[in-house]
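*Asks:*
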Ligand SMILES: Nc1ncnc2c1ncn2[C@@H]1O[C@H](COP(=O)(O)OP(=O)(O)OP(=O)(O)O)[C@@H](O)[C@H]1O
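Laid out in structure tokens, this is it:
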């Protein structure tokens, strides 16, 4: 699992964009904070020089700006949140847990919770939403209805004082990156929900915030587009020097994008740990069901995926040699045996039962192995009884190649 906050020298400063026409009817805006240098047109490069259109970015990388997050939230959602620059946190929890309230509190957009907020060394608590250096992509995207996709995306850059031509070029790049460049001149009502979401994401990323808040950013996208946009988002987050909070109900999104998973329940933090830790030791049945996936990062080779924690994993389909990917395996897809299973080619490992916990009417069995990373299987109590499973019991596990979801990293 890619836990470590990512270091990338190529990045520029963050700046603000906070939009919610419903709660901020006086034209949601992005303006330049006095302490913020102008951004580059390229979201992945640290460059505080405004360039003429068509002029290539300087090759000399300059150190990226880094924005540590420190938040003390009180109200319906009550928690303390500290995160190093470059950390991506998946915010998960059942409906009504307070996920959106947390994001709105960080923006200063709700009376239901208050956030004391420091970004980098700067206390932005007293600032209005649009001066905090926070970008927010709400569930509905909240695009300006009267502006084209291009103008929506260029808005944040323009508000930084970037020239019109430069802002449009930067906006065009982000729209292209997210696969909606061909819609640049359409208004929001002329695009589909999924396209609008990608435009909203381009607008937020183009604004280079110090804190990025994404409320189910991939929810309206079909499976193929979702994989593409997730990949783009991941690449961007790799070079992002701020903190990103992503509200999601998609476990694959959580384990593939996030360094940490913050589980909320009734406005409180139930768990805040790495995806691997939350998957291994979920603190509630809800978390177990939502995120209880096995997630193995690894590198592709000629004979499948080589997990970083050892072993080999056969998967259906292939990525180029050397490609990094995350293999996601649902615990229900893991078969547990007392004898070595035969049959068609599949992933088979010898292991030992390390822990058995109940999950509603099912059991979760943690199996450790010298041949593969830790694996969680979910089986019925009846199956566990038939296999005479107990802590320390020697077992075999198997997973069909077709049951492994591969997420390119
Ligand atoms: N404006 C409001 N006035 C009163 N109660 C509200 C308001 N907005 C949200 N709530 C309540 O606050 C709680 C938390 O809501 P919130 O939208 O933060 O949850 P969530 O975790 O984002 O849920 P979901 O997954 O459904 O989006 C819920 O019980 C909700 O009904």
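Residue numbers (the working numbering): 1397 to 1805. From the three backbone atoms N, C-alpha and C, an ideal C-beta is built for every residue, glycine too.
Closer than 7 Å by C-beta to residue 1686: which residues in its own chain qualify, once you throw out the five before and the five after it? Chain order, please.
*Replies:* Excluding residues within five positions, the ones whose Cβ falls inside 7 Å are 1488, 1647.
*Asks:* So the beta strand (DSSP E) residue 1690 belongs to, where does it begin and stop?
*Replies:* Unbroken beta strand (DSSP E) run through residue 1690: 1690-1697.
*Asks:* Check whether the Cβ of residue 1472 sits closer than 7 Å to any heavy atom of ligand 1, and report yes or no.
*Replies:* Result yes, Cβ under 7 Å from ligand 1.
*Asks:* Would you report the Cα separation of residue 1675 and residue 1559, rounded to the nearest angstrom?
*Replies:* Those two C-alpha atoms are separated by around 47 Å.
*Asks:* With a threshold of 6 Å on Cβ separation, who are the neighbours of residue 1720 within its own chain once the five nearest residues in sequence on each side are excluded?
*Replies:* Here the set comprises 1695, 1805.
*Asks:* Taking CB distances under 8 Å as the criterion, tell me whether residue 1595 reaches chain D.
*Replies:* Chain labels in this structure do not include chain D; a single protein chain is all it has.
*Asks:* Under three-state DSSP, which class holds residue 1780?
*Replies:* In the structure shown, residue 1780 sits in a helix (DSSP, three-state: H, G or I).
*Asks:* Taking contact to mean at least 3 C-beta pairs separated by less than 8 Å, is the segment 1552-1572 in contact with the segment 1633-1646?
*Replies:* Touching, no, given that fewer than three Cβ pairs across the two stretches are closer than 8 Å.
*Asks:* If you measure from each CB to the nearest heavy atom of ligand 1 and keep those under 5 Å, what residues do you get, in chain order?
*Replies:* The answer, residue by residue, is 1491, 1492, 1493, 1494, 1495, 1496, 1497.
*Asks:* Assign residue 1736 to buried or exposed, taking buried as 16 or more other Cβ atoms, counted over all protein chains shown, within 10 Å of its Cβ.
*Replies:* Exposed, by the Cβ-count rule.
*Asks:* In the DSSP assignment, the beta strand (DSSP E) including residue 1721 goes from what residue to what residue?
*Replies:* 1720-1725 is the extent of the beta strand (DSSP E) around residue 1721.
*Asks:* Does ligand 2 have a heavy atom nearer than 7 Å to the CB of residue 1534?
*Replies:* You won't find ligand 2 in this model; what it holds is ligand 1.
*Asks:* Taking 8 Å as the cut-off, does the segment 1689-1705 touch the segment 1522-1533 (at least 3 CB pairs, one atom from each stretch)?
*Replies:* Too few Cβ pairs lie closer than 8 Å, so no.
*Asks:* How would you call residue 1705, buried or exposed, if buried means at least 16 neighbouring beta carbons within 10 angstroms?
*Replies:* That one is exposed.
*Asks:* I need the DSSP call for residue 1765, collapsed to helix, strand or coil.
*Replies:* Looking at residue 1765 - three-state DSSP - the assignment turns out to be coil, as it is neither helix nor strand.
*Asks:* Within the continuous alpha helix (DSSP H) that includes residue 1652, where are the two ends?
*Replies:* Residues 1647-1653.
*Asks:* Have a look at the DSSP bridge pairing and note the partners of residue 1642.
*Replies:* 1486, 1610, per the DSSP bridge assignment.
*Asks:* Beta carbon of residue 1767, beta carbon of residue 1792: below 8 Å?
*Replies:* Contact flag unset, no.
*Asks:* From residue 1620 to residue 1629, what does the alpha carbon distance come to, in whole angstroms?
*Replies:* Cα to Cα, residue 1620 sits roughly 14 Å from residue 1629.
*Asks:* Quick one: Cα of residue 1669 to Cα of residue 1479, how far?
*Replies:* Rounded to the nearest angstrom, the two C-alpha atoms are 12 Å apart.
*Asks:* I need the DSSP call for residue 1746, collapsed to helix, strand or coil.
*Replies:* Looking at residue 1746 - three-state DSSP - the assignment turns out to be strand.
*Asks:* What first and last residue would you give for the alpha helix (DSSP H) that runs through residue 1538?
*Replies:* No alpha helix (DSSP H) contains residue 1538, which DSSP labels as neither H nor E.
*Asks:* Three-state secondary structure (DSSP) at residue 1581?
*Replies:* Coil.
*Asks:* Three or more C-beta pairs under 8 Å: does that hold for the segment 1584-1594 against the segment 1512-1519?
*Replies:* The answer is no - the segment 1512-1519 does not touch the segment 1584-1594, with fewer than three Cβ pairs under 8 Å.
*Asks:* Buried or exposed for residue 1649, going by 16 or more other Cβ atoms inside 10 Å?
*Replies:* Its Cβ being crowded by 16 or more others within 10 Å, residue 1649 is buried.
*Asks:* If we ignore side chains and look at the alpha-carbon of each, how far apart do residue 1512 and residue 1465 end up?
*Replies:* Roughly 11 Å between the two C-alpha positions.
*Asks:* If you compare alpha carbons, which of 1608, 1571, 1778, 1742 is closest to residue 1757?
*Replies:* The shortest Cα separation from residue 1757 among 1608, 1571, 1778, 1742 belongs to 1778.
*Asks:* Check whether the segment 1605-1616 touches the segment 1565-1580, taking contact to mean three or more Cβ pairs, one atom from each stretch, closer than 8 Å.
*Replies:* No, because fewer than three Cβ pairs between the segment 1605-1616 and the segment 1565-1580 fall closer than 8 Å, the two stretches do not touch.
*Asks:* So for residue 1469, helix, strand or coil by DSSP?
*Replies:* Strand, per DSSP.
*Asks:* I'd like to know whether the C-beta atoms of residue 1743 and residue 1795 end up nearer to each other than 8 Å.
*Replies:* Their beta carbons are under 8 Å apart, which means residue 1743 touches residue 1795 by this criterion.
*Asks:* Is it right to say residue 1556 is buried, meaning 16 or more other beta carbons lie within 10 angstroms of its own, or is it exposed?
*Replies:* Buried: at least 16 other Cβ atoms inside 10 Å.
*Asks:* Note down, in chain order, each residue of its chain lying with its Cβ closer than 6 Å to the Cβ of residue 1678, except the 5 sequence neighbours on either side.
*Replies:* Closer than 6 Å at the Cβ level, and outside the excluded window around residue 1678, lie 1684, 1688.
*Asks:* For residue 1598 and residue 1728, I'd like the C-alpha separation in whole angstroms.
*Replies:* The alpha-carbon atoms of residue 1598 and residue 1728 are separated by roughly 37 Å.
*Asks:* Bridge partners for residue 1509 per DSSP, in chain order?
*Replies:* According to DSSP, residue 1509 bridges with 1471.
*Asks:* I need the DSSP call for residue 1504, collapsed to helix, strand or coil.
*Replies:* Three-state DSSP puts residue 1504 in coil, outside helix and strand.
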